[in-house]
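S.K.: A single structure is presented below for examination.
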Amino acid sequence: MAITQLQWNSRHRLGGLIMALACFILPAIGRAESDTPMKNPVEWINQLSDKFKLHGFLSQGFTYSNGNNYYGDSTHGSFDLTEIGLNLSYRLRPDTTLAVQGLSRRAGGMDNGSPRLDYAFVDHTVAQDSQHRWGVRLGRIKNPIGFYNESRDIAVVRPGIILPQSIYLGGMGLRDFFLASDGLGLYWQRHGQDSALSVDYQVALPTQLSSQTQRAFMRGVILPGHLDMETGQVLRILHDNETNFRWAVTGVFVKSQYKPAAVDLLTDGTVSIYVLTLSADWLLHPWQLTSEAAWRELVYKGFGAAVDSQPSHLSIYGEALYRWSEDKWQASLRYDLHYFDIDDPNGSTMEAHTGVPGHSRFSKDLTLGLGWNVTPTFQLRAEYHLIDGSGFAPLVDNPGLQAGNVDRYWDILTLQAAFRF
Amino acid sequence: MYFLRNIFRLWWLILLLITITLLPATLIHANDANAVIITHATNNSTTHTKSAMRAIFGMRVRQWSDGKPIKVFVLPDSALLHKQFCKQKLNVFPYQLRRIWNRLVYTGTGHAPIEVADEQEMARQIAQTPGAIGYIHLYEADHGYNAITME
């Protein structure tokens, strides 16, 4: 058993090292070729036709933490953060595009790296003129939540290595919906004088939630029945003055129903989740100030007195980013705060009733970040997180968590190399 | 408070951050040369507003008013002319455009502009591609492209 475990770990470490090496070598190859008239293979493919575009990304992280694990066995140093993606976009007609992205993400116990279809949809522009455009999307679509949810797993597009967990973690019953949903999307955009307004509405088809979301739903207890998402809807309004200020308001409504097995501890209750997210971003070159806040209301109904409850979550983060050398370098400072129950912010009531440590009900994360764009397509990043509260310590990476074997104060140091093409 | 203790533990990092802040940001050397936006010769709409140009180079507007698809050409982010064009014509920084294009490309909601190596290639592509738009330093008449006047 111990040997198997060791082999498993070393195999993963080796994979991580290979990935890390690839991250360093590939951009060098890309760079060498761009200096000569010869094109690299991707450029060559993309120049065959202006209808067909191929792009992708590759990233490898290293995580070291004390106290609790994050992205694998990070208290001993972990390479368990690898993101690989490949996407195709094909313009069938001037007004119709087909877009597909495959993604493999390995993130400790949270994501096992098995390839998945990240998105696959047909986008049809119904009408457009010089000022307006509206259309429909059909298929598997990323849900537009806040500024960054649509690009949450793409290292080169999101700000930092770990997104502010308070806004983007997803949490109980929301994870699947935060990744993507199968359904219909409508969009409307207006480009006025010095402003752009876009409105996105998406509705998901009913679906059975992943086993991972189901486990998170009952804090690791494996239930014999299954959890179905009955409704998932999102509406985002985003306004951009096109030079230095943008804001967004996002509303999310997700309702799931538990379908009990023949013999089950739980009855067929429902969980309704309402989320309101406010986002603002102000560019004061060389500074960029970003803040997002979310209010979540969860309603557990029909499970019986032991489970039925209506907790409200509060999340907020603020980030100041500084750029220098024409965006070659960035440094950032972020404070991210999350309470899982606004009526019991420090978890003391919960601790008194259940014995579960109160600090698992909140998270306060002070993050210092440094980014270096080595080439336009290759970047290195480092982040140091100082955390008070175990609210975002993943159960899957911390098996002792349920027994209360979890630290309140912990630090994460994480490094990442990311390449896009 | 633990939070404050954390700050004190990292005083040296904060000091570093402050030092960086006080360093002057590298300025874009906007010399006398001006960027001129050009389109393919058959394109009739040659007067545009700054926001219309931002919508086109931000890849949000995809058709000219006559329904012809817009084909956007740009130089690499590091090219001096690209930086001048961003600042003078759109009043944005190159990294803002890059952020917009990356979001479109990696969420499947749009395409990035076509990147060409240099100004000669830019002029050549625009002269031979119907619906094309891009920018150059020196406008010359009768080379197969029109200059766009900004309102």
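Line by line, the protein sequences give chains W and D. The first sequence: position 169 = 169 (the numbering used here), numbered continuously. Take any residue in the second sequence, count from 1 to its spot, add 1000: that is its number in the numbering used here. Yeah, the Cβ is synthetic: ideal placement off N, Cα and C, and Gly gets one too. None of the values given here were measured: they were computed from a predicted structure.
Listed from N- to C-terminal order along the chain, which residues in the region 170-199 of chain W have their beta-carbon within a distance smaller than 9 Å of any beta-carbon of chain D?
M.R.: Taking 9 Å as the Cβ-Cβ cut-off against chain D, the residues of the region 170-199 of chain W that qualify are TYR187, GLN189, HIS191, GLY192, GLN193, ASP194, SER195, ALA196, SER198.
S.K.: Would you call the region 242-249 of chain W and the region 201-208 of chain W in contact, with 3 or more CB pairs under 8 Å?
M.R.: No, the region 242-249 of chain W is not in contact with the region 201-208 of chain W.
S.K.: Note down, one range per segment and in chain order, each alpha helix (DSSP H) of at least 4 residues found wholly within the region 1062-1092 of chain D.
M.R.: List check, alpha helix (DSSP H) in window: 1080-1085.
S.K.: Whose Cβ in chain W lies nearer than 7 Å to the Cβ of D:LEU1013?
M.R.: Result: LEU368.
S.K.: Determine the closest residue to W:LEU415 out of W:TYR409, W:GLY400, W:GLU383, W:VAL396, with distance taken between C-alpha atoms.
M.R.: The candidate whose alpha carbon is nearest that of W:LEU415 is W:GLU383.
S.K.: By Cβ distance below 7 Å, which residues in the same chain neighbour W:ARG152 in space, the five residues on each side in sequence not counted?
M.R.: ARG158, LEU163, TYR168.
S.K.: Just the chain D side, please: which residues come within less than 8 Å of W:PHE57 by C-beta, in chain order?
M.R.: Ordered by position in chain D, the residues that pass the 8 Å Cβ test against W:PHE57 are TYR1106.
S.K.: What does the Cβ neighbour count give for D:LEU1015, buried or exposed, with the cut at 16 atoms within 10 Å?
M.R.: Classification of D:LEU1015: exposed, given that the 10 Å Cβ count is below 16.
S.K.: Have a look at W:GLY251 and W:VAL275 and give me their C-alpha separation to the nearest angstrom.
M.R.: Cα to Cα, W:GLY251 sits roughly 6 Å from W:VAL275.
S.K.: Could you tell me the alpha carbon to alpha carbon distance between W:PHE392 and W:ASN373, rounded to whole angstroms?
M.R.: Looking at the two C-alpha atoms, the distance is approximately 29 Å.
S.K.: Determine the burial state of W:ILE3: buried for a count of at least 16 other Cβ atoms within 10 Å of its Cβ, exposed for fewer.
M.R.: Legend: pLDDT at W:ILE3 = 38, less than 50; position of this residue unreliable, value from coordinates given subsequently. It is exposed - the Cβ of W:ILE3 has fewer than 16 other Cβ atoms within 10 Å.
S.K.: At the 7 Å Cβ level, is W:PRO311 part of the contact set with chain D, yes or no?
M.R.: It does not: the Cβ of W:PRO311 has no partner Cβ on chain D nearer than 7 Å.
S.K.: How would you list, in chain order, the residues of chain W whose beta-carbon sits under 7 Å from the beta-carbon of D:ARG1124?
M.R.: Under the 7 Å cutoff, chain W gives no residues; its nearest Cβ is about 14 Å from D:ARG1124.
S.K.: If the cut is a Cβ gap below 8 Å, which residues of chain W does D:HIS1040 touch?
M.R.: The premise fails here: D:HIS1040 is roughly 14 Å from chain W at the closest Cβ pair, so nothing lies under 8 Å.
S.K.: Please compile the residues from chain D whose C-beta is within a distance smaller than 7 Å of the C-beta of W:GLU150.
M.R.: Ordered by position in chain D, the residues that pass the 7 Å Cβ test against W:GLU150 are THR1107.
S.K.: Tell me, to the nearest whole angstrom, how far the beta carbon of W:ASP73 is from that of W:ARG106; I am working on the premise that it is less than 8 Å.
M.R.: With a Cβ gap of about 13 Å, W:ASP73 and W:ARG106 do not count as contacting.
S.K.: When you compare only the Cα positions, how much space is there between D:HIS1143 and W:GLN193?
M.R.: Cα to Cα, D:HIS1143 sits roughly 32 Å from W:GLN193.
S.K.: Thinking just about the alpha-carbon of each residue, which of W:ASP264, W:MET350, W:GLY183, W:ARG93 is nearest to the one in D:PRO1162?
M.R.: In the structure displayed, chain D extends from 1001 to 1151; residue 1162 of chain D sits before or after that span and is not available.
S.K.: Name the DSSP beta bridge partners of W:ALA434, please?
M.R.: In the structure displayed, chain W extends from 1 to 421; residue 434 of chain W sits before or after that span and is not available.
S.K.: Within 10 angstroms of the Cβ of W:HIS76, are there 16 or more other Cβ atoms? Answer buried if so, exposed if not.
M.R.: Classification of W:HIS76: exposed, given that the 10 Å Cβ count is below 16.
S.K.: So for W:SER34, helix, strand or coil by DSSP?
M.R.: Low local confidence applies: a pLDDT of 45 at W:SER34 is under 50, so the model's placement there is unreliable, with the coordinate-based value given in what follows. Helix at W:SER34.
S.K.: Based on the DSSP output, what are the partners of W:ASN66 in its beta bridges?
M.R.: DSSP output for W:ASN66 lists W:ASP411 as bridge partner(s).
S.K.: Output yes if chain D places a C-beta closer than 7 Å to the C-beta of W:PRO376; else output no.
M.R.: Yes, its Cβ sits closer than 7 Å to a Cβ of chain D.
S.K.: Would the C-beta of W:ASP80 count as close to the ligand ADP, meaning under 6 Å from any of its heavy atoms?
M.R.: The ligand ADP is not among the ligands present in this structure, which contains no ligands whatsoever.
S.K.: Quick one: what does DSSP say W:ILE154 is sitting in, helix, strand or coil?
M.R.: In the structure shown, W:ILE154 sits in coil (DSSP, three-state: anything other than H, G, I, E or B).
S.K.: For D:LYS1087, return the contacting residues in chain W, with the cut-off set at a CB-CB distance below 7 Å.
M.R.: What D:LYS1087 touches in chain W: nothing, since even the nearest Cβ is about 11 Å away.
S.K.: Less than 7 Å separating the beta-carbons of D:GLN1125 and D:VAL1116?
M.R.: Cβ atoms of D:GLN1125 and D:VAL1116: closer than 7 Å.
S.K.: From the beta carbon of D:ALA1147, is the nearest beta carbon of chain W less than 7 Å away?
M.R.: False, the Cβ-Cβ gap to chain W never drops below 7 Å.
S.K.: What residue range does the alpha helix (DSSP H) around W:THR349 cover?
M.R.: Here the alpha helix (DSSP H) through W:THR349 covers 348-354.
S.K.: Verify the CB distance criterion: does W:THR243 have a CB-CB separation below 7 Å to chain D?
M.R.: At least one chain D Cβ lies under 7 Å of W:THR243.
S.K.: Closest Cβ-Cβ distance between W:LYS142 and chain D: below 7 Å?
M.R.: Chain D contact via Cβ: present.
S.K.: Relative to chain D, which residues along the region 269-299 of chain W have a C-beta separation below 9 Å, given in chain order?
M.R.: Going along the region 269-299 of chain W in chain order, one finds LEU283, HIS285, PRO286, TRP287 with a Cβ nearer than 9 Å to chain D.
S.K.: Does chain W have any CB closer than 7 Å to the CB of D:ASP1077?
M.R.: So, interface residue.
S.K.: Which chain W residues are close to D:GLN1063, counting only those with a beta carbon under 8 Å from its beta carbon?
M.R.: PRO94, GLN128, listed in chain order.
S.K.: Return the chain-ordered list of same chain residues with a C-beta closer than 8 Å to the C-beta of W:VAL307, the five sequence neighbours on each side being excluded.
M.R.: Counting only Cβ-Cβ distances below 8 Å, and skipping sequence neighbours, we find LEU266, GLY269, TYR300.
S.K.: For chain D, is any of its Cβ atoms less than 7 Å away from the one on W:TYR119?
M.R.: Yes, because at least one Cβ of chain D sits closer than 7 Å to the Cβ of W:TYR119.
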